[in-house]
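Novice: I have a structure I would like to understand better, so I am pasting it below and will then ask my questions one at a time.
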Amino acid sequence: MIIGRVIGETSLNNIEFISKTTPKIGEYVTLNYDGKTILGMIETLIHGSVSLNNDIYDPSTVDMIQSIEGNDFYIKGKVKILGDLKDNLRIPRTPAPPGTEIYLADKNTLNKVFQVKNPLKIGGLISQEDIDVNIDINKMITRHLAILAMTGAGKSNTVCVLMDELLKYNGTMVIFDMHSEYVDSDFNNGEVNVIDPEINPIYISFSEIRRLINISSSAYIQERYFREAYKIAISEARKGNYRDFLNILKETLNSWYETETFRNKDIKSNEKTKIMDVINKVEDLENKYGSLLNTNVGDILSQIQLGKANVINLGQSDEATAEVIVSHILRSALKSRKLFIREKTEKSLKFPVFFIVEEAHILAPKNRSINSKLWISRIAREGRKFGLGLCLVSQSPKSIDPDSLSQANNMIILRLVEPQDQRHVQSASESLSEDLLLQLPSLNIGEAIVLGLMVNVPTLVKIDEFKGRRYGDDLDIVNEWTQYKINQEKDVEEQRQSFKELGGDY
Ligand SMILES: Nc1ncnc2c1ncn2[C@@H]1O[C@H](COP(=O)(O)OP(=O)(O)OP(=O)(O)O)[C@@H](O)[C@H]1O
Ligand SMILES: [Mg+2]
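Heads up, the sequence shown is in numbering that gives the first Met the number 0, so the first residue is 0 and it goes up one at a time.
Encoded structure:
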């Protein structure tokens, strides 16, 4: 169907058109010229009228003009050129001549455009819901993904749809679940494997624990005593001595402090206070991360199961603990996959994994330097070669580490209103045009702009609604208040009754 004609000056990437029909933003169009069929997407639309222009100052003249001029409206729009349909969507070398006819892309054409290898269906086109939008799983995982939107716009729903579809392919995901939203999820295509946030100290590296305990690298006397005590505690733990690792640490340090000897030599008096400092730091560590260190659990990586939605349950953990768990898992995973790919020796992680980081602005913040941010950015940069994918999910794109965000070559952006957030998203993604950016505030819940290597063309998608069970849905606040009130009144009534039965005078 012809919807209009090209007008004005054209370029290789953009054209303007004039129309008498009202197409929709996000709709795909085709243009034929130079023997090619070019695909484009409508990015902006303006509805105007020649006679009802800005120079009218009296509303009553509108009726008069309309009765004379009839309906002289026009539609003007901009189309972003996406490429030659017969040549792998390559951008043509010549701009479209003005006057070229513009057609709405037909269903066949669109189905072909959204056909990808290893497809994952995330939804349908906003403009034509019967056209399925598929994304390429390999490209999504190797080139990483960011899911960004304001709160309540549908990020977690999108994550659930992705996870459920990935499970069809034996997809293996690890989600860092900050609010225990996914722990009880009910997927159609696979199971959830909940992993508790506990690390056996024998799998923690010295540098990791040194950071946890907060001994700076310049405090070398403290570090020496701590290192020695750590070695003793680790070797005890490795022997299968299941006494608490932190207790062994403290006992060892205390024994040096009290006997005043270390390796059969006297400890200088000024060094004694340093040992006390270390003891205090171990106690702080116990208070802060006590629940995290458990000598009875195995390597956390070996708990990740193929073909399951592995959920690291961080709902009860504070941010500091979450940060330690996330960095430990990501660091170990990268190490393990490097060994597996290069030397084929590693036992723990023999398959690729897709890591999903909810609340990415907390775990990879822009302005603070924390371990989880370091390892998130390492996976973002190096994960591709070792089969580790990353999905950053956040309601505050402007607070995410821009290095990690810009490594996400794929994006699903739902409704996003805050201008600074929009700017950040745009600077992290070269394919988000100014015109598309303007659409972000007007998206409805569950509607998204999908960009990147995992789709052949930028797409406006209505994401499928996840039908399985999931927590984190909006609460019915008013109903909860009412229910509480009813229950309270019931309780009072029951008490009154039993008081009466006992012969009391209420
Ligand atoms: N694609 C969709 N289709 C239909 N309803 C949806 C869709 N996406 C989200 N919703 C509805 O919107 C609600 C909020 O969605 P969701 O929990 O995914 O938002 P969110 O972006 O993760 O929010 P938060 O930032 O609070 O985590 C859901 O309870 C669901 O009812
Ligand atoms: Mg959410």
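We put the beta carbon where it would ideally sit given N, CA and C, even for glycine.
Looking at C-alpha atoms only, which residue of 248, 463, 291, 143 is the closest neighbour of residue 385?
Specialist: 143
Novice: Please tell me whether, using a cut-off of 7 angstroms, the distance from the CB of residue 145 to the nearest non-hydrogen atom of ligand 1 is below it.
Specialist: no
Novice: Can you tell me whether residue 155 sits near ligand 1, meaning its C-beta is under 7 angstroms from at least one heavy atom of the ligand?
Specialist: yes
Novice: Pull the bridge partners of residue 392 from the DSSP assignment, please.
Specialist: 146
Novice: Between which residues of its own chain and residue 187 is the CB-CB distance below 7 angstroms, once the five residues before and five after are set aside?
Specialist: 163, 467
Novice: If I follow the unbroken alpha helix (DSSP H) through residue 205, where does it start and stop?
Specialist: 205 to 212
Novice: Please report the straight-line C-alpha distance between residue 415 and residue 251, rounded to a whole angstrom.
Specialist: 55 angstroms
Novice: Check whether the Cβ of residue 321 lies closer than 7 angstroms to any heavy atom of ligand 1, and answer yes or no.
Specialist: no
Novice: Is the stretch 189 to 204 touching the stretch 230 to 241 in the sense that three or more CB pairs, one from each, lie closer than 8 angstroms?
Specialist: Yes, the stretch 230 to 241 touches the stretch 189 to 204.
Novice: Let me see if you follow: with CB-CB separation under 8 angstroms, is residue 50 close to chain B or not?
Specialist: This model lacks chain B altogether, as it is built from one protein chain only.
Novice: What do you reckon, is the C-beta of residue 381 under 7 angstroms from a heavy atom of ligand 1?
Specialist: no
Novice: From which residue to which residue does the beta strand (DSSP E) around residue 29 run?
Specialist: 27 to 32
Novice: When you compare only the Cα positions, how much space is there between residue 56 and residue 412?
Specialist: In this structure, the CA atom of residue 56 is about 41 angstroms from the CA atom of residue 412.
Novice: Suppose you measure from the CA of residue 340 to the CA of residue 303; what does that come to, to the nearest Å?
Specialist: 18 angstroms
Novice: With contact counted as at least three CB pairs below 8 angstroms, one residue from each stretch, are the stretch 137 to 151 and the stretch 310 to 329 in contact?
Specialist: no
Novice: Using CA atoms only, rank isn't needed, just tell me which of 30, 154, 169 is closest to residue 78.
Specialist: Nearest option by C-alpha distance: 30.
Novice: If we ignore side chains and look at the alpha-carbon of each, how far apart do residue 33 and residue 10 end up?
Specialist: One Cα belongs to residue 33, the other to residue 10, and the distance between them is close to 15 angstroms.
Novice: Report the three-state DSSP secondary structure of residue 199 (helix, strand or coil).
Specialist: coil
Novice: Does the distance between the C-beta of residue 189 and the nearest non-hydrogen atom of ligand 3 fall short of 7 angstroms?
Specialist: Ligand 3 is absent from the structure shown, which contains only ligand 1 and ligand 2.
Novice: What residue ranges within the stretch 404 to 464 form continuous alpha helix (DSSP H) runs of no fewer than 4 residues, ordered along the chain?
Specialist: 418 to 427, 433 to 436
Novice: DSSP on residue 171, reduced to helix/strand/coil?
Specialist: Correct three-state label for residue 171: coil.
Novice: Does DSSP classify residue 79 as helix, strand or coil?
Specialist: Of the three classes helix, strand and coil, the one that applies to residue 79 here is strand, per DSSP.
Novice: Would DSSP call residue 181 helix, strand or coil?
Specialist: Reduced to three states, the DSSP call for residue 181 is coil.
Novice: Ordered along the chain, which non-local residues of its own chain (more than five positions away) have a Cβ less than 6 angstroms from that of residue 449?
Specialist: 411, 458, 460
Novice: Find out if the Cβ-Cβ distance for the pair residue 115, residue 83 is shorter than 8 angstroms.
Specialist: No.
Novice: Using a Cβ-Cβ cut-off of 7 angstroms (strictly less than) and excluding sequence neighbours within five positions of residue 406, which residues of its own chain qualify?
Specialist: Residues 143, 379, 380 of the same chain have their beta carbon placed closer than 7 angstroms to that of residue 406, with the five preceding and five following residues left out of the count.
Novice: Would you check if there are 3 or more beta carbon pairs closer than 8 angstroms linking the stretch 253 to 268 to the stretch 169 to 178?
Specialist: no
Novice: For the beta strand (DSSP E) that contains residue 43, what are its first and last residues?
Specialist: 35 to 48
Novice: Note down, in chain order, each residue of its chain lying with its Cβ closer than 6 angstroms to the Cβ of residue 2, except the 5 sequence neighbours on either side.
Specialist: Cβ within range, chain order: 18, 20, 22, 101, 103.
Novice: Inspect the beta-carbon positions of residue 253 and residue 278 and report whether they are closer than 8 angstroms.
Specialist: yes
Novice: Are the stretch 355 to 366 and the stretch 384 to 400 touching, with three or more C-beta to C-beta distances below 8 angstroms?
Specialist: At 8 angstroms Cβ cutoff, the stretches touch.
Novice: With a threshold of 8 angstroms on Cβ separation, who are the neighbours of residue 308 within its own chain once the five nearest residues in sequence on each side are excluded?
Specialist: Excluding sequence neighbours, residue 308 sits near 162, 166, 172, 174, 181, 184, 186, 189, 190, 191, 192.
Novice: Residue 430: which of 27, 80, 69, 50 sits nearest, CA to CA?
Specialist: For the options 27, 80, 69, 50, the alpha carbon positioned closest to that of residue 430 is the one of 80.
Novice: Compare the Cα-Cα distances from residue 229 to each of 247, 8, 500, 295 and report the closest residue.
Specialist: 247
Novice: Is the CB-CB distance between residue 355 and residue 390 below 8 angstroms?
Specialist: yes
Novice: Using a Cβ-Cβ cut-off of 6 angstroms (strictly less than) and excluding sequence neighbours within five positions of residue 446, which residues of its own chain qualify?
Specialist: 125, 461
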